[in-house]
Amino acid sequence: EEGNFFVHAAVSMGGNNCPIEVLSHVIEKYPRQVFQRDQSSHLPLHVAIQKVSWSKHRKRRIKPKEKPILESLLKAYPGSARERIHSDHNRYPLHSALANGHSWSHGIEALFLAAPETLAVRDSRTGLYPFQLAAIPVEGEFWFGIDNLETVYQLLRARPDVIFELQEAGNASTKDSAEERKKRRML
Numbered sequence: 004e005e006g007n008f009f010v011h012a013a014v015s016m017g018g019n020n021c022p023i024e025v026l027s028h029v030i031e032k033y034p035r036q037v038f039q040r041d042q043s044s045h046l047p048l049h050v051a052i053q054k055v056s057w058s059k060h061r062k063r064r065i066k067p068k069e070k071p072i073l074e075s076l077l078k079a080y081p082g083s084a085r086e087r088i089h090s091d092h093n094r095y096p097l098h099s100a101l102a103n104g105h106s107w108s109h110g111i112e113a114l115f116l117a118a119p120e121t122l123a124v125r126d127s128r129t130g131l132y133p134f135q136l137a138a139i140p141v142e143g144e145f146w147f148g149i150d151n152l153e154t155v156y157q158l159l160r161a162r163p164d165v166i167f168e169l170q171e172a173g174n175a176s177t178k179d180s181a182e183e184r185k186k187r188r189m190l
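The numbering of the sequence shown is the working numbering, which starts it at 4 and goes up by one.
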């Protein structure tokens with residue numbers, strides 16, 4: 004088992020090539036691997052939400068068949084939703100999944116339930132809150148669908164207080180710039 008990452012490999016195949024029953028068997032056979040990072044420092048959950056080179060648009064999306072993969076991984080290791088992804092700007096899995104175009108009904112809800120506190124954390128790469136990340140089209144796509152809208156709505160519904168934090172930050176920066184203008188005038 005040392006050096007072999009069977010759970011990671013099963014997850015990387017996706018829901019179309021690795022039925023959930025097979026993944027469940029692999030997790031049952033190698034339960035410690037859900038806690039292990041591979042040579043790229045990824046946990047199996049990280050593999051499930053990251054971009055991969057073999058997919059059509061160089062992105063891996065959670066499709067309805069793949070939602071059980073996330074749920075299975077989170078059930079085996081709920082703390083993985085709090086484990087940052089070092090190779091992706093030290094993002095939380097929720098932020099990375101949103102940046103990769105995952106939606107509420109296809110995995111984001113499961114990540115939120117496992118680590119609700121991450122909704123109040125700004126993304127380490129963009130500085131945006133999760134609801135803002137959900138509102139941005141994924142690179143290469145120029146449409147905003149009902150899945151995106153539902154995701155933004157559910158994230159805001161869960162943590163509406165982040166709007167006030169944005170408002171306070173905006174007021175503070177407006178006040179700072181007004182004070183800076185005043186100082187410049189005095190010089």
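Cβ atoms here follow ideal geometry from the backbone N, Cα and C, with glycine treated the same way. Note that the coordinates shown come from a computational prediction; the quantities given were computed from them, not determined experimentally.
- Can you tell me whether Arg94 is buried or exposed, with buried defined as 16 or more other CB within 10 angstroms of its CB? buried
- Query: Where Val25 and Lys78 are concerned, what is the direct C-alpha to C-alpha distance, given to the nearest angstrom?
  - Reply: 16 Å
- Item | Proximity test, Cβ basis, 8 Å: Ile111 and chain C | Included in the structure is just one protein chain, with no chain C present.
- Cα separation between Gln53 and Ala172? 31 Å
- Closest Cα partner of Leu97 within the set Phe115, Ser75, Val14, Gln135: Phe115
- Message: Taking the alpha-carbon of Phe167 as reference, which of Val141, Leu136, Tyr132 has the nearest alpha-carbon?
- Response: Tyr132
- Measure the CB-CB distance between Ile23 and Ile72 and report whether it falls below 8 Å. yes
- Message: Within the continuous alpha helix (DSSP H) that includes Ile139, where are the two ends?
- Response: Premise fails: Ile139 is in no alpha helix (DSSP H) and is neither H nor E.
- Message: Assuming Ile88 is part of the alpha helix (DSSP H), what are its boundary residues?
- Response: Taken as a continuous stretch (DSSP letters only), Ile88 belongs to no alpha helix (DSSP H), as it is neither H nor E.
- Taking Leu76 as the reference, which of Leu101, Val29, Gln135 has the closest Cα? Val29
- Query: Within this structure, are the beta carbons of Val10 and Ser83 separated by less than 8 Å?
  - Reply: no
- Ala161 and Leu136 closer than 8 Å at C-beta: no
- Item | Enclosing alpha helix (DSSP H) for Leu77 [first to last residue] | 70-79
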